[in-house]
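K.L.:
So the protein sequences, as listed, match chains A, B, C and D.
Heads up: the first sequence runs through residues 1 to 198, numbered per the numbering used here.
Heads up: the second sequence runs through residues 1001 to 1198, numbered per the numbering used here.
Heads up: the third sequence runs through residues 2001 to 2198, numbered per the numbering used here.
Heads up: the fourth sequence runs through residues 3001 to 3198, numbered per the numbering used here.
Ideal placement from N, C-alpha and C gives every residue a C-beta, glycine not left out.
First the structure, then my questions, so here it is.
Protein chains: 4
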Amino acid sequence: MGKGRLEAFSDGVLAIIITIMVLEIKVPHGDNPEDLKPLLPIFMSYILSFIYIGIYWNNHHHLMQVVNKVSGTVLWSNIHLLFWLSLVPFATAWMGENHFSKWPVILYGFILMMAGVAYYILAHCLTSIHGKDSTLAKALGKDRKGILSVVLYIAGIIASVFIHPWVGFTLYVVVAAIWFTPDRRIEKKIENNYREEQ
Amino acid sequence: MGKGRLEAFSDGVLAIIITIMVLEIKVPHGDNPEDLKPLLPIFMSYILSFIYIGIYWNNHHHLMQVVNKVSGTVLWSNIHLLFWLSLVPFATAWMGENHFSKWPVILYGFILMMAGVAYYILAHCLTSIHGKDSTLAKALGKDRKGILSVVLYIAGIIASVFIHPWVGFTLYVVVAAIWFTPDRRIEKKIENNYREEQ
Amino acid sequence: MGKGRLEAFSDGVLAIIITIMVLEIKVPHGDNPEDLKPLLPIFMSYILSFIYIGIYWNNHHHLMQVVNKVSGTVLWSNIHLLFWLSLVPFATAWMGENHFSKWPVILYGFILMMAGVAYYILAHCLTSIHGKDSTLAKALGKDRKGILSVVLYIAGIIASVFIHPWVGFTLYVVVAAIWFTPDRRIEKKIENNYREEQ
Amino acid sequence: MGKGRLEAFSDGVLAIIITIMVLEIKVPHGDNPEDLKPLLPIFMSYILSFIYIGIYWNNHHHLMQVVNKVSGTVLWSNIHLLFWLSLVPFATAWMGENHFSKWPVILYGFILMMAGVAYYILAHCLTSIHGKDSTLAKALGKDRKGILSVVLYIAGIIASVFIHPWVGFTLYVVVAAIWFTPDRRIEKKIENNYREEQ
């Protein structure tokens, strides 16, 4: 089974998610810079979510490059990932409109965490098809980055409950910063394999 | 005539349908967990519809894999299928906002049934081009799964009218569960053909 | 210059246009069949527009099959066509909400007419690159169908002004019926060329 | 790393941006031509933005044709460009609803300027991977057109602040007119290279 349509469908869904979020930034009635001020928190949460969807697209792209085949289970793991990402616009808007208050920040973190778990599952479904000696398995290794992210999301949620939602929000930004650099592991492995072949 | 653009267009439409449904989950004004409670039925219907569109994409993917050519009639059968699926976000929102009351559940079932019929028509248009001995025709066989689904949708609609909408809803979930496993028939046939060729 | 991205971009825009129209069918508050009644004219105009966008996608698909190259002018002719089609959801909603009254029906016809003209321009830009002896030029011939459509749209607009909008609406349905059959001219030409080559 | 998915994702995002802008043209309640009058400025800003997104798609298309490989940095430069373009629908709606008053016109110009800068960065990231002797580097040259655009946007913003927003708006139209012609530099270079090879 080819990976072409899985990529096309994922690109489509991610492109729509990243774009419809802008519909939540409602156009203000006044035409002064002050009329834009109330939109500032909404805009901030928009930026973070834009970067997050960008990260997922980027890593999805990298992941799929070392994939040769997909199965029914992989298709569903991918839809599962898209499901959690599809809730990002809702959580973004709720968080932005409530100026990063406690529960919206917790929900935002929860959805990111579930997306992180879903990505982990997808990566491991793919590894199990390709075998332990595949480029994919070697590139992912123990997937410390994936596990670390989920741990940081949980820490962020707990911090939002017991300390302050801004601590949680900061932790989500930290995870984004960690992933901002595209998965160099995969890029390196592709290069190495390429060299070995020659 | 190639199948590339039919796949691309279908992927696009399905990606948009699955994603715009989230726009119906309106962001609540309050920022407490209780403010999310009224969204629960809307969210439940969102999940079911997300899975349904996922199933259609998945099966469409499987179906197209054993297709070599398309005709004008196939293009229109496909647009007909997309038409009924395009109404899913509307029916989902109506059902969710009315807490799974009688008529919305009936409409939801009716639209799913029509999508099921449209998929059946599409599959049979494709079979008639490819001939009885094609991999496609063998894989689909008598299409018992497709016929069973339509029968269960009708049963769900009748149950919603005369017994209770939750009975109907449960039957729709049963159909989703039946289809959740991607069409193994096609996967098996591809494998078998591949083996026979070698 | 390849035609791949032109097709991909057009598929994307057409897929979005055909799908976002459903967002104009606002979910009613009540949960009875009577609550759906006011949506009937909106739904009727939705169906017609869905078919129209389907026709444009279908013919665009057929047209591009006999195209080997595109130029900057072709790219802009295509964007020009997409511009008029992008206004279809607006005109559809205005016409549906006003129960097919005079001016909305006129605007709807005007936008369809401009889309028809834009398609004509696109087809002729393509012909001028491919030359008079190309499969494309032969398949299109004098493009009587394209000219007839524009004439019928103008007739529909005039009829809406002086007789009754339903006469205009009926003429738009007639044009849709004419185009419903995908452009057999192109399909035939492809077949013939294929035979001649053998 | 291939450029296929970068093109697909960009096509998707640009197709959605260009299409959802139409959702900001709210359907009026009345059914007379006068009811459309208040939409005129909104429609005017829609046309300009449609052309701008068309220009970006067109130039992106041309740019990618002379690109052989992409890197992680390129992927992010591209997402950065899409970020600024994703704000175009918001700025378009604000400008249209406020009849091209001062601050909305400034914001619109600012977002166009940032998109121009982002495109410049993307082009130069690509050049740095491909080397100074690549077709890409030769085609772009000193990128005078890109620099001129940014200068004109800044001039438009300053003019909107100190003279009148219509002066600013006119300058944005001038930039659009400059770019309307697709990047002939690249088309020429491709032709030349092709000839030299033969």
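Mind checking if Phe-2169(C) is an interface residue toward chain D, Cβ cutoff 7 Å exclusive?
P.N.:
Residue numbering aside, residue 2169(C) sits at position 169 when the third sequence is read from its first letter. So no, Phe-2169(C) is outside the interface.
K.L.:
Does any CB atom of chain A fall closer than 7 Å to the CB of Ala-976(B)?
P.N.:
Since the first residue shown for chain B is 1001 and the last is 1198, residue 976(B) is missing from the structure and cannot be characterised.
K.L.:
Which residue spans inside the stretch 73-153 of chain A form an unbroken beta strand (DSSP E) run of at least 3?
P.N.:
none
K.L.:
Is it true that the CB of Trp-3179(D) sits closer than 7 Å to the CB of Ile-3055(D)?
P.N.:
Here the question's residue 3055(D) lines up with position 55 in the fourth sequence. Here the question's residue 3179(D) lines up with position 179 in the fourth sequence. Their beta carbons are under 7 Å apart, which means Ile-3055(D) touches Trp-3179(D) by this criterion.
K.L.:
Does the beta-carbon of His-3062(D) have 16 or more other beta-carbons within 10 angstroms, so that it is buried, or is it exposed?
P.N.:
As a first step, residue 3062(D) must be located in the fourth sequence, where it is residue number 62. Buried is the call here.
K.L.:
Do Phe-1110(B) and Pro-1165(B) have their beta-carbon atoms positioned less than 7 Å apart in this structure?
P.N.:
Looking up residue 1165(B) in the second sequence gives position 165. Looking up residue 1110(B) in the second sequence gives position 110. No, the pair does not count as a contact, with Cβ atoms beyond the cut-off.
K.L.:
Quick one: residues in its chain with C-beta nearer than 6 Å to the C-beta of Glu-1024(B), no 5 flanking neighbours on either side, listed in chain order?
P.N.:
Position 24 of the second sequence holds residue 1024(B). Counting only Cβ-Cβ distances below 6 Å, and skipping sequence neighbours, we find Ala-1093.
K.L.:
Going along the stretch 1086-1101 of chain B in order, which residues come within less than 8 Å of chain C, judged by CB to CB distance?
P.N.:
Ser-1086, Leu-1087, Pro-1089, Phe-1090, Ala-1093, Trp-1094, Glu-1097, Asn-1098, Ser-1101
K.L.:
For the alpha helix (DSSP H) holding Asp-1011(B), just list the boundary residues, first then last.
P.N.:
Indexing the second sequence from 1 puts residue 1011(B) at position 11. Note, Asp-1011(B): alpha helix (DSSP H), 1004-1020.
K.L.:
Any Cβ of chain A within less than 7 Å of the Cβ of Thr-1135(B)?
P.N.:
The residue you call residue 1135(B) lines up with position 135 of the second sequence. Judged by the 7 Å Cβ criterion, Thr-1135(B) is not in contact with chain A.
K.L.:
Answer with yes or no whether the minimum CB distance from Ile-47(A) to chain B is below 7 Å.
P.N.:
Translated into positions along the first sequence, residue 47(A) becomes position 47. No, because no Cβ of chain B sits closer than 7 Å to the Cβ of Ile-47(A).
K.L.:
Relative to the C-alpha of Trp-1103(B), which candidate in Ser-2010(C), Val-2175(C), Asn-2032(C) has its C-alpha closest?
P.N.:
Stepping through the second sequence from its first residue, residue 1103(B) is reached at position 103. Checked all of Ser-2010(C), Val-2175(C), Asn-2032(C); the closest Cα to Trp-1103(B) is Asn-2032(C).
K.L.:
Measuring straight from C-alpha to C-alpha, what distance separates Ile-2147(C) and Gly-2141(C)?
P.N.:
Taking the third sequence and counting its residues from 1, the one referred to as residue 2147(C) is at position 147. Taking the third sequence and counting its residues from 1, the one referred to as residue 2141(C) is at position 141. Cα to Cα, the separation comes out at about 12 Å.
K.L.:
Quick one: does Val-2070(C) have its CB under 7 Å from some CB of chain B?
P.N.:
What you label residue 2070(C) is simply residue 70 of the third sequence in a count that begins at 1. No, Val-2070(C) does not count as interfacial toward chain B.
K.L.:
Can you pull the chain A neighbours of Gly-3109(D), defined as C-beta to C-beta under 8 Å?
P.N.:
Against the fourth sequence, residue 3109(D) aligns to sequence position 109. Neighbours of Gly-3109(D) on chain A: none; closest Cβ ~14 Å, over 8 Å.
K.L.:
Is it buried or exposed for Asp-3133(D), if we count other Cβ within 10 angstroms and need 16 for buried?
P.N.:
Here residue 3133(D) corresponds to residue number 133 of the fourth sequence, with the count starting at 1. When all chains shown are included, Asp-3133(D) counts as exposed.
K.L.:
Whole angstroms is fine: what's the gap from Asn-1144(B)'s alpha carbon to Tyr-1153(B)'s?
P.N.:
Your numbering for residue 1144(B) matches position 144 in the second sequence. Your numbering for residue 1153(B) matches position 153 in the second sequence. Inspection of the sequence shows that residue 1144(B) is occupied by Arg rather than by Asn. Cα to Cα, the separation comes out at about 14 Å.
K.L.:
Got a sec: is the Cβ-Cβ distance from Trp-3103(D) to anything in chain A below 7 Å?
P.N.:
The residue given as residue 3103(D) occupies position 103 in the fourth sequence. For Trp-3103(D), the answer is yes, since a Cβ of chain A falls inside 7 Å of its Cβ.
K.L.:
Roughly how many angstroms lie between the CA atoms of Ser-1045(B) and Gly-1096(B), to the nearest whole one?
P.N.:
Stepping through the second sequence from its first residue, residue 1045(B) is reached at position 45. Stepping through the second sequence from its first residue, residue 1096(B) is reached at position 96. Cα-Cα distance, rounded: 6 Å.
K.L.:
State the DSSP-derived secondary structure class of Gly-1030(B), mapped to helix, strand or coil.
P.N.:
One-based indexing of the second sequence puts residue 1030(B) at position 30. Coil at Gly-1030(B), not helix or strand.
K.L.:
Alpha carbons only, please: which of Gly-1156(B), His-1130(B), Leu-1039(B), Phe-1169(B) is nearest the one belonging to Gln-1065(B)?
P.N.:
As a position in the second sequence, residue 1065(B) is number 65, starting the count at 1. When each option's Cα is compared against that of Gln-1065(B), the closest is His-1130(B).
K.L.:
How would you label Leu-40(A), buried or exposed, when you count the other beta carbons within 10 angstroms and need 16 or more for buried?
P.N.:
By one-based count along the first sequence, residue 40(A) stands at place 40. Leu-40(A) is exposed by the Cβ-count criterion.
K.L.:
Since Ser-1045(B) is in the alpha helix (DSSP H), which residue starts that stretch and which ends it?
P.N.:
Taking the first residue of the second sequence as 1, we reach residue 1045(B) at position 45. Run containing Ser-1045(B): 1040-1065, per the alpha helix (DSSP H) assignment.
K.L.:
Using a Cβ-Cβ distance cut-off of 7 Å, determine whether Asp-2143(C) contacts chain B.
P.N.:
Within the third sequence, numbered from 1, the residue matching residue 2143(C) stands at position 143. Judged by the 7 Å Cβ criterion, Asp-2143(C) is not in contact with chain B.
K.L.:
Examine chain C for any beta-carbon lying closer than 7 Å to the beta-carbon of Pro-3033(D), and answer yes or no.
P.N.:
Taking the fourth sequence and counting its residues from 1, the one referred to as residue 3033(D) is at position 33. By this cut-off, Pro-3033(D) is an interface position.
K.L.:
Quick check: Val-167(A) and Ala-159(A), are their CB atoms within less than 7 Å of each other?
P.N.:
Numbered from its first residue, the first sequence carries residue 167(A) at position 167. Numbered from its first residue, the first sequence carries residue 159(A) at position 159. A Cβ-Cβ contact shorter than 7 Å links Val-167(A) with Ala-159(A).
K.L.:
Report the CB separation of Trp-1057(B) from Phe-9(A) in whole angstroms; it is logged as a contact under 8 Å.
P.N.:
Position 57 of the second sequence holds residue 1057(B). Position 9 of the first sequence holds residue 9(A). Right, their Cβ atoms sit about 6 Å apart.
K.L.:
Have a look at Phe-43(A), Ala-177(A), Met-114(A) and flag the residue whose alpha-carbon is nearest the alpha-carbon of Ser-86(A).
P.N.:
Within the first sequence, numbered from 1, the residue matching residue 86(A) stands at position 86. The shortest C-alpha separation from Ser-86(A) is found at Met-114(A).
K.L.:
Distance check for Tyr-2120(C) and Val-2175(C), CA to CA, integer angstroms please.
P.N.:
Sequence index remark: in the third sequence, residue 2175(C) carries index 175 (1-based). Sequence index remark: in the third sequence, residue 2120(C) carries index 120 (1-based). About 15 Å.
K.L.:
Where does the unbroken alpha helix (DSSP H) through Ile-178(A) begin, and where does it stop?
P.N.:
Within the first sequence, the letter at position 178 stands for residue 178(A). Its alpha helix (DSSP H) spans residues 165-180.
K.L.:
For Ala-2091(C), which option in Gly-2030(C), Leu-2075(C), Ala-2139(C), Ile-2042(C) has the closest C-alpha, if you only look at C-alpha atoms?
P.N.:
Numbered from 1 along the third sequence, position 91 holds the residue referred to as residue 2091(C). Among Gly-2030(C), Leu-2075(C), Ala-2139(C), Ile-2042(C), the Cα nearest to that of Ala-2091(C) belongs to Ile-2042(C).
K.L.:
With 7 Å as the threshold, decide whether the Cβ of Phe-83(A) is near any Cβ in chain B.
P.N.:
Sequence index remark: in the first sequence, residue 83(A) carries index 83 (1-based). By this cut-off, Phe-83(A) is an interface position.
K.L.:
Judging by CA-CA distance, which residue of Leu-122(A), Val-105(A), Leu-6(A), Val-22(A) is the nearest neighbour of Val-3088(D)?
P.N.:
By one-based count along the fourth sequence, residue 3088(D) stands at place 88. Selected option, being the one with the closest Cα: Val-22(A).
K.L.:
For Ile-1047(B) versus Ile-16(A), is the C-beta distance shorter than 7 Å?
P.N.:
Taking the first residue of the second sequence as position 1, residue 1047(B) is located at position 47. Taking the first residue of the first sequence as position 1, residue 16(A) is located at position 16. No, they are not a contact pair.
K.L.:
May I have the straight-line CA-CA distance separating Lys-3037(D) from Val-3027(D), to the nearest angstrom?
P.N.:
By 1-based counting over the fourth sequence, the position of residue 3037(D) is 37. By 1-based counting over the fourth sequence, the position of residue 3027(D) is 27. The alpha-carbon atoms of Lys-3037(D) and Val-3027(D) are separated by roughly 12 Å.
K.L.:
Does any residue of chain B bring its CB to less than 7 Å from the CB of Ile-157(A)?
P.N.:
Walking along the first sequence from the start, residue 157(A) turns up at place 157. Taking Cβ atoms only, chain B never reaches closer than 7 Å to Ile-157(A), which makes this a no.
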